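All remarks here apply to the structure that follows.
Number of protein chains: 2
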Amino acid sequence: MTIASVPTSGLAERKKQRTREELATAAITFFLQRGYDATTVEDIVAAVDVSPRTFYRYFPAKEDLVLAIGESHNEELVAAVRARPASESPLTAVQNAIRQTQVLGPQDLDRVRSFRTLLSGTSALRGRWLIERQQDQQRLAAALADREGKAPEVRHVLAAAAVLAAVTIAFDEWVADGEGDPVTRVHDSVALLATPLLSTRPSHAGSTHGDKA
Amino acid sequence: MTIASVPTSGLAERKKQRTREELATAAITFFLQRGYDATTVEDIVAAVDVSPRTFYRYFPAKEDLVLAIGESHNEELVAAVRARPASESPLTAVQNAIRQTQVLGPQDLDRVRSFRTLLSGTSALRGRWLIERQQDQQRLAAALADREGKAPEVRHVLAAAAVLAAVTIAFDEWVADGEGDPVTRVHDSVALLATPLLSTRPSHAGSTHGDKA
DNA sequence: CCGTCGATTGACACATTCTGCCATTTGGCA
DNA sequence: TGCCAAATGGCAGAATGTGTCAATCGACGG
Numbered sequence: 001m002t003i004a005s006v007p008t009s010g011l012a013e014r015k016k017q018r019t020r021e022e023l024a025t026a027a028i029t030f031f032l033q034r035g036y037d038a039t040t041v042e043d044i045v046a047a048v049d050v051s052p053r054t055f056y057r058y059f060p061a062k063e064d065l066v067l068a069i070g071e072s073h074n075e076e077l078v079a080a081v082r083a084r085p086a087s088e089s090p091l092t093a094v095q096n097a098i099r100q101t102q103v104l105g106p107q108d109l110d111r112v113r114s115f116r117t118l119l120s121g122t123s124a125l126r127g128r129w130l131i132e133r134q135q136d137q138q139r140l141a142a143a144l145a146d147r148e149g150k151a152p153e154v155r156h157v158l159a160a161a162a163v164l165a166a167v168t169i170a171f172d173e174w175v176a177d178g179e180g181d182p183v184t185r186v187h188d189s190v191a192l193l194a195t196p197l198l199s200t201r202p203s204h205a206g207s208t209h210g211d212k213a
Numbered sequence: 001m002t003i004a005s006v007p008t009s010g011l012a013e014r015k016k017q018r019t020r021e022e023l024a025t026a027a028i029t030f031f032l033q034r035g036y037d038a039t040t041v042e043d044i045v046a047a048v049d050v051s052p053r054t055f056y057r058y059f060p061a062k063e064d065l066v067l068a069i070g071e072s073h074n075e076e077l078v079a080a081v082r083a084r085p086a087s088e089s090p091l092t093a094v095q096n097a098i099r100q101t102q103v104l105g106p107q108d109l110d111r112v113r114s115f116r117t118l119l120s121g122t123s124a125l126r127g128r129w130l131i132e133r134q135q136d137q138q139r140l141a142a143a144l145a146d147r148e149g150k151a152p153e154v155r156h157v158l159a160a161a162a163v164l165a166a167v168t169i170a171f172d173e174w175v176a177d178g179e180g181d182p183v184t185r186v187h188d189s190v191a192l193l194a195t196p197l198l199s200t201r202p203s204h205a206g207s208t209h210g211d212k213a
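So the protein sequences, as listed, match chains A and B.
Numbering follows the working numbering, with no gaps: position 160 of the first sequence is 160.
Numbering follows the working numbering, with no gaps: position 87 of the second sequence is 87.
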């Protein structure tokens, strides 16, 4: 045998992967069609022809299926922030990190839209996702603190919260009015963090991309 | 009869109120003792001697029982922000509004601690509560925009998110290390919003209260 | 090709939350 | 006292998960 049974690289492994994807595909399709709550686990497994019990072996909960789709994006972001040179200001580092991680192909974009649409439309999902975002918040705060060679303080956590809020708000607005491309919106939203958020002046922090309006 | 049957002011009303409080008290006690998940609705209603069905007539869901305890605090905050004179800067208005609404007696403080402890320890509750906070976020954003005589823009939503994040982080840290009083921590946390959050400088935004350290 | 081993699966039972329904009780009020 | 509306209790049932065990399937060595 190999060292362990971790990557059984073979037919069985592909079959598992295929089942997992079939479950996810069928589920997302149903969710977008009929809504998350109106789709039961029974419906999903019927479409893939596995037992309900098997569903929960692939996904700990119905919610986790959706979460798995949009997962790990923020982990990349945090890693990218850590990878930025220490000479960059926190804002610049975050902006560049976002630029690096937000490279989306056209079909990625569809996937993200589906994901965000589900998030916006289902409070159960949204709540679950916000929990995960709080963990990302801690990780980002730690990354920002590390850049200063300090232990995380309230200031860092707050900055991290603000960054993630900016990204989230940008996506929410994008899903809500369906206009423009999300990358620009995210960038503009994050750019607002350059200013004291509670000053009255709009401080002309417009789009860094194409705002010829 | 009166205009309608809204306030049946009498014995029945008191009995209902008493049942409601007994349910809440028993539930919170159990939650803090054994944990939220380890306490079933069955346990709660057994302690008050009502049927499970009745529980759900008082609280739409188990989560709502907890949420009802810490509720409406942010509504006051938003109202207070609206009530501040237009001459005040957004930050000052928010700070004064917080000062007004955060007047806590010693037993209020215990209640808040219990509430926040449950929030911190139970992700299901936390998620549910974060959803409600997002609604507060929208309301606060609208209030901030109104102060400028504008419709809410991304900038306002982001500012509102930052304010609520500051408050939340302050409470979280308070619950986590159990030191100091929350009012000071909230104030200090919110004071950080006076600066661009992603500048490297700590910008000496220390406690406005007693920081002789 | 065969047989064994380990992982995957299906099924069944069960706990828990929450809802719909209806009969019963209880308080309010003439 | 007696009627009415509201509150309650109990029951059946849907839906999400979880634990358990036997059956199955793929991997691998002979």
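Just so it is clear, CB atoms sit at the ideal spot from N, CA and C, and this is done for glycine as well.
Values in this document were obtained by computation on a predicted structure and should not be read as measured data.
With 16 other Cβ atoms within 10 Å as the buried cut-off, status of residue i
i                : result
VAL103 (chain B) : exposed
GLY127 (chain B) : buried
LYS16 (chain B)  : exposed
ILE3 (chain B)   : Confidence is the limiting factor: at ILE3 (chain B) the pLDDT is only 37, short of 50, which leaves the residue's position unreliable, though a coordinate-based value still follows. Exposed, by the Cβ-count rule.
LYS62 (chain A)  : buried
SER72 (chain B)  : exposed
ALA83 (chain A)  : exposed
ASP188 (chain A) : buried
ASP172 (chain A) : buried
ALA170 (chain B) : buried
GLN107 (chain B) : exposed
GLN33 (chain B)  : exposed
PRO182 (chain B) : buried
GLN137 (chain A) : buried
THR54 (chain A)  : exposed
THR40 (chain B)  : exposed
Listed by chain order, chain B residues near residue i by CB distance under 8 angstroms
i                : result
ARG99 (chain A)  : Result: empty, since nearest Cβ-Cβ is about 15 angstroms, beyond 8 angstroms.
ILE44 (chain A)  : Neighbours of ILE44 (chain A) on chain B: none; closest Cβ ~22 angstroms, over 8 angstroms.
ILE169 (chain A) : VAL154, VAL157, LEU158 and ALA161
Within chain A, the residues that residue i reaches when beta carbons sit closer than 8 angstroms
i                : result
PRO196 (chain B) : LEU91, LEU193, ALA194, THR195 and PRO196
ALA159 (chain B) : LEU197 and LEU198
SER189 (chain B) : VAL154 and LEU158
Which of helix, strand or coil DSSP assigns to residue i
i                : result
GLN134 (chain A) : helix
ARG84 (chain B)  : coil
PRO106 (chain A) : helix
PRO90 (chain B)  : helix
ALA38 (chain B)  : coil
LYS150 (chain A) : coil
GLU75 (chain A)  : helix
ALA12 (chain A)  : helix
GLU179 (chain A) : coil
LYS212 (chain A) : Because the pLDDT of LYS212 (chain A) is 38, which lies under 50, any placement of that residue in the model is unreliable, and the question is left without a value.
THR19 (chain A)  : helix
ASP49 (chain A)  : coil
THR101 (chain A) : helix
THR122 (chain B) : coil
THR184 (chain A) : helix
THR200 (chain B) : coil
Residue i: contacting residues in chain B (beta-carbon distance under 7 angstroms)
i                : result
ALA162 (chain A) : ALA162, ALA165 and LEU197
LEU130 (chain A) : GLY127 and LEU130
GLU179 (chain A) : In chain order: nothing, as chain B lies at least about 13 angstroms away.
SER214 (chain A) : Nothing can be reported for residue 214 (chain A): it is not among the residues displayed for chain A, which extend from 1 to 213.
GLU75 (chain A)  : The premise fails here: GLU75 (chain A) is roughly 19 angstroms from chain B at the closest Cβ pair, so nothing lies under 7 angstroms.
Residue range of the alpha helix (DSSP H) that includes residue i
i                : result
PHE55 (chain B)  : 52 to 58
LEU193 (chain B) : From DSSP, LEU193 (chain B) is part of no alpha helix (DSSP H); its letter is neither H nor E.
ALA68 (chain B)  : 62 to 69
Chain-ordered chain B contacts of residue i [CB-CB under 9 angstroms]
i               : result
VAL94 (chain A) : LEU198
Proximal residues of chain A, C-beta to C-beta of residue i below 9 angstroms
i               : result
ILE69 (chain B) : Within 9 angstroms Cβ-Cβ: nothing; ILE69 (chain B) doesn't reach chain A, min ~18 angstroms.
Closer than 7 angstroms at the beta carbon, the chain A residues around residue i
i                : result
SER123 (chain B) : ILE131
HIS13 (chain B)  : A quick correction: the sequence has Glu, not His, at residue 13 (chain B). Within chain A, no residue comes near GLU13 (chain B); the closest Cβ sits about 32 angstroms away, beyond 7 angstroms.
GLU173 (chain B) : VAL154
GLU148 (chain B) : THR200
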